[in-house]
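Engineer: Residue numbers for the sequence shown follow this note's numbering, beginning at 916 and rising by one. The beta-carbon is built from N, C-alpha and C at its ideal position, and this holds for glycine as well. Only a predicted model underlies this, so the values are computations on that prediction, with no experimental measurement involved.
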Amino acid sequence: MSDIIKLLTILTFIVLLLRRKYRIGIVLLSASALLALLYLMSPKGIILNISAAVTNPITIKLGLSLIMIRVLEMIMRENNLLAEMMEASKSLFRNRKLVIISMPMLIGMLPSLGGAYFSAPMVNESTKGLKMSQEEKGFINFWFRHPWEYILPLYPGILLASAVSGVELRTLIIVNLPFAVVMLLSGFFLSMREVKGNVEYSSVSRQGLSSFIPIILIVLLVMVFKVELHLSLIILVIGLLIFYRYGVGKILKALKYGFALDVILLVLGVMLFKELMEGTGAVSFAFASAILGVLLSPVHICLILTKEYFNADIWVIYKKMLPASAAIFLLAVIEYLILS
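1. Only counting runs of 4 or more residues, tell me where the alpha helix (DSSP H) segments fall wholly within the segment 1101 to 1188, in order along the chain.
2. Using the C-alpha atoms, what's the distance from L987 back to V1182?
3. Looking at C-alpha atoms only, which residue of L1013, I1088, K1043, I982 is the closest neighbour of A1175?
4. Within 10 Å of its beta-carbon, does F1054 have 16 or more other beta-carbons around it, so buried, or fewer, so exposed?
5. Is F928 near L955, with beta carbons less than 7 angstroms apart?
6. What residue does the alpha helix (DSSP H) around T970 start on, and which one ends it?
7. M1098 and P1068: beta carbons closer than 7 angstroms?
8. Taking Cβ positions, are I990 and L1135 nearer each other than 7 angstroms?
9. Tell me which residues share the same chain as G1072 and place their Cβ nearer than 6 angstroms to its Cβ, disregarding the 5 neighbours each side in the sequence.
10. In its own chain, which residues sit with a C-beta less than 8 angstroms from the C-beta of V1248, not counting the 5 before and 5 after it?
11. Under 8 angstroms by Cβ, that's how I've got I1016 and S1034 pegged, so tell me the actual separation to the nearest angstrom.
12. Please classify E988: does DSSP put it in a helix, a strand, or coil?
13. Is the beta carbon of Y1172 closer than 7 angstroms to that of R938?
14. Classify V1137: buried if its beta carbon has 16 or more other beta carbons within 10 angstroms, exposed otherwise.
15. Between E1050, M1024, F1094, which lies nearest to I1131 when the distance is taken from Cα to Cα?
16. Look at the alpha carbon of L1252 and the alpha carbon of I1243, and state the distance between them as a whole number of angstroms.
17. What are the start and end residues of the alpha helix (DSSP H) that includes G1081?
18. Spatial neighbours of V1038 within its chain, please: CB distance less than 7 angstroms, with the 5 preceding and 5 following residues excluded, ordered by chain position.
19. Using only the alpha-carbon positions, how far apart do K1141 and I1088 sit?
20. If you drop the 5 nearest sequence neighbours on each side, which residues of the same chain put their C-beta closer than 8 angstroms to that of A1203?
21. Please report the residue range of the alpha helix (DSSP H) in which M945 lies.
22. DSSP state of S911, grouped into three classes?
23. According to the neighbour-count rule (16 or more other Cβ atoms, all chains shown, within 10 Å of its Cβ), is V1214 buried or exposed?
24. For the alpha helix (DSSP H) containing Y1070, name the first residue and the last one.
25. Do K1012 and V1096 have their C-beta atoms closer together than 7 angstroms?
26. Give me the Cβ distance between A1239 and S1101, rounded to the nearest whole Å; I'm assuming they're in contact under 8 angstroms.
27. Check this for me: beta carbons of K1235 and L1105, under 7 angstroms apart or not?
28. Assuming contact is defined by CB atoms lying nearer than 7 angstroms, are L1075 and V1185 in contact in what I supplied?
29. In angstroms with no decimal places, state the Cα-to-Cα distance between W1230 and L1237.
30. Using a Cβ-Cβ cut-off of 7 angstroms (strictly less than) and excluding sequence neighbours within five positions of M1000, which residues of its own chain qualify?
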């Protein structure tokens, strides 16, 4: 059986499990077992790959990063930093279109399960009085929260891409920047055509501006000072815990939220799948179509939550997503031809 047929079998298996709403960590661990079976790996080879996945420094760094991202999200929510960021955006982005997209973009800076459902009412509020369909609101809420996936080191996707490909995170961000720009431009082209004018605003407060500091610090530490992400997040979380005077009880609550079983299973599933893929030599085919496949997946949690909130027709949303995705794919082909 050729690699393509085997990998298509595995991808079909993954999609079927996701449609049945199994956790992604469980799905990837199950897919790893199927991968080992299809490639007739020996018990010794399987044990060696499991050992390599568990002891890999990348596994530890990735796990710490995802745990600290959840802790950071909880701290920012509890102290109203996200709400303050959005209020400040109304003063910073006075153009009505920028105000509308700022909501999903700001929430999208912190990757979290259900984040699309959190930003949906804000998109709804910012589009009041406008002649805009529920499907267009849904497209805005979904599409404009995802440019960060290409460039923001808080997103697990770019961390996994760096880990799997061996490309330095800083280099990957620079190479991916054009994709984020095209995603933004295509989103503007395919939505909000009837939206014009500015919004009423008040002067932005110092408190509003200061709410952006945690995100800015993370980007500076990773991009400018080249501190590894897990260390940057640990530094920031410790600083915020001290600044907001968290007691032992609240710290333990935050850590409990961070050390979620789903996160641990996700990291183990991803790294084991990676080790087995490398062992079979089948990485390149699977990696080539990853990001757009995630965006267009009908089981993408952001898309599901957006559709549910706006009660929108998912196929009408797809009509806007497909040409925008085609533009990104075309750029990817051009960039590949230039760099190869």
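Structural biologist: So, from the data block:
1. 1121 to 1125, 1128 to 1138, 1144 to 1158, 1163 to 1173
2. By one-based count along the sequence shown, residue 1182 stands at place 267. By one-based count along the sequence shown, residue 987 stands at place 72. If you take the alpha carbons of V1182 and L987, they lie about 18 angstroms apart.
3. Counting from 1 along the sequence shown, the entry for residue 1175 is found at position 260. When only C-alpha atoms are compared, the closest one is I982.
4. Indexing the sequence shown from 1 puts residue 1054 at position 139. Taking every protein chain shown into account, the CB of F1054 has 16 or more other CB atoms within 10 angstroms, so this residue is buried.
5. Sequence index remark: in the sequence shown, residue 928 carries index 13 (1-based). Sequence index remark: in the sequence shown, residue 955 carries index 40 (1-based). Contact: no.
6. Position 55 of the sequence shown, counted from the start, is the residue given in the question as residue 970. First-last of the alpha helix (DSSP H) with T970: 958 to 970.
7. Here the question's residue 1098 lines up with position 183 in the sequence shown. Here the question's residue 1068 lines up with position 153 in the sequence shown. No. Outside cutoff.
8. Along the sequence shown, read from residue 1 onward, the residue named residue 990 stands at position 75. Along the sequence shown, read from residue 1 onward, the residue named residue 1135 stands at position 220. The answer is no: Cβ separation not under 7 angstroms.
9. Counting from 1 along the sequence shown, the entry for residue 1072 is found at position 157. These residues qualify, in order along the chain: E1064.
10. Taking the sequence shown and counting its residues from 1, one reaches residue 1248 at position 333. Cβ within range, chain order: n/a, list empty.
11. The residue labelled residue 1016 in the question sits at position 101 within the sequence shown. The residue labelled residue 1034 in the question sits at position 119 within the sequence shown. Not quite, the Cβ-Cβ distance comes to about 10 angstroms (not below 8 angstroms), so this is no contact.
12. The sequence position of residue 988 within the sequence shown is 73, counting from 1. Correct three-state label for E988: helix.
13. Here residue 938 refers to the residue found at position 23 of the sequence shown. Here residue 1172 refers to the residue found at position 257 of the sequence shown. No.
14. Position 222 of the sequence shown, counted from the first residue, corresponds to residue 1137. Within 10 angstroms of the beta-carbon of V1137 lie 16 or more other beta-carbons, which makes it buried.
15. Taking the sequence shown and counting its residues from 1, the one referred to as residue 1131 is at position 216. Nearest of E1050, M1024, F1094 to I1131, Cα basis: M1024.
16. Locating residue 1252 in the sequence shown gives position 337, counting from the first residue. Locating residue 1243 in the sequence shown gives position 328, counting from the first residue. In a straight line, the C-alpha of L1252 is about 14 angstroms away from that of I1243.
17. Taking the first residue of the sequence shown as position 1, residue 1081 is located at position 166. Following the DSSP letters along the chain, one finds G1081 in no alpha helix (DSSP H), marked with neither H nor E.
18. Mapped onto the sequence shown, residue 1038 falls at position 123. A distance below 7 angstroms between beta-carbons, with the five flanking residues on each side excluded, links V1038 to the following residues of its chain, in chain order: I1015, M1018, P1019, K1052, I1055, N1056.
19. Against the sequence shown, residue 1141 aligns to sequence position 226. Against the sequence shown, residue 1088 aligns to sequence position 173. Distance between the alpha carbons of K1141 and I1088 is about 13 angstroms.
20. As a working mapping, residue 1203 is identified with position 288 in the sequence shown. Since pLDDT at A1203 reaches only 39, below the 50 mark, its modelled position is unreliable, and the value read off the structure follows with that caveat. Around A1203: no qualifying Cβ.
21. Translated into the one-based positions of the sequence shown, residue 945 becomes position 30. According to the sequence as given, residue 945 is Ser; it is not Met. S945 -> alpha helix (DSSP H) spans 939 to 953.
22. Shown here, the chain extends from 916 to 1255; a query on residue 911 therefore has no answer.
23. Numbered from its first residue, the sequence shown carries residue 1214 at position 299. Low local confidence applies: a pLDDT of 47 at V1214 is under 50, so the model's placement there is unreliable, and no value is given.
24. Counted from its first residue, the sequence shown places residue 1070 at position 155. Premise fails: Y1070 is in no alpha helix (DSSP H) and is neither H nor E.
25. For the purposes of this step, residue 1012 is identified with residue 97 of the sequence shown, where counting begins at 1. For the purposes of this step, residue 1096 is identified with residue 181 of the sequence shown, where counting begins at 1. Result no, Cβ atoms of K1012 and V1096 do not sit closer than 7 angstroms.
26. By one-based count along the sequence shown, residue 1239 stands at place 324. By one-based count along the sequence shown, residue 1101 stands at place 186. Between S1101 and A1239 the Cβ distance is about 4 angstroms, and since that is below 8 angstroms, they are a contact.
27. The count along the sequence shown starts at 1 and reaches residue 1235 at position 320. The count along the sequence shown starts at 1 and reaches residue 1105 at position 190. Result yes, Cβ atoms of K1235 and L1105 sit closer than 7 angstroms.
28. The count along the sequence shown starts at 1 and reaches residue 1075 at position 160. The count along the sequence shown starts at 1 and reaches residue 1185 at position 270. Less than 7 angstroms separates the beta-carbon of L1075 from that of V1185.
29. Reading the sequence shown from its first residue, position 315 is the one you call residue 1230. Reading the sequence shown from its first residue, position 322 is the one you call residue 1237. One C-alpha to the other measures close to 10 angstroms.
30. Working through the sequence shown from its first residue, we reach residue 1000 at position 85. Closer than 7 angstroms at Cβ, skipping near neighbours: L1021, S1126, F1127.
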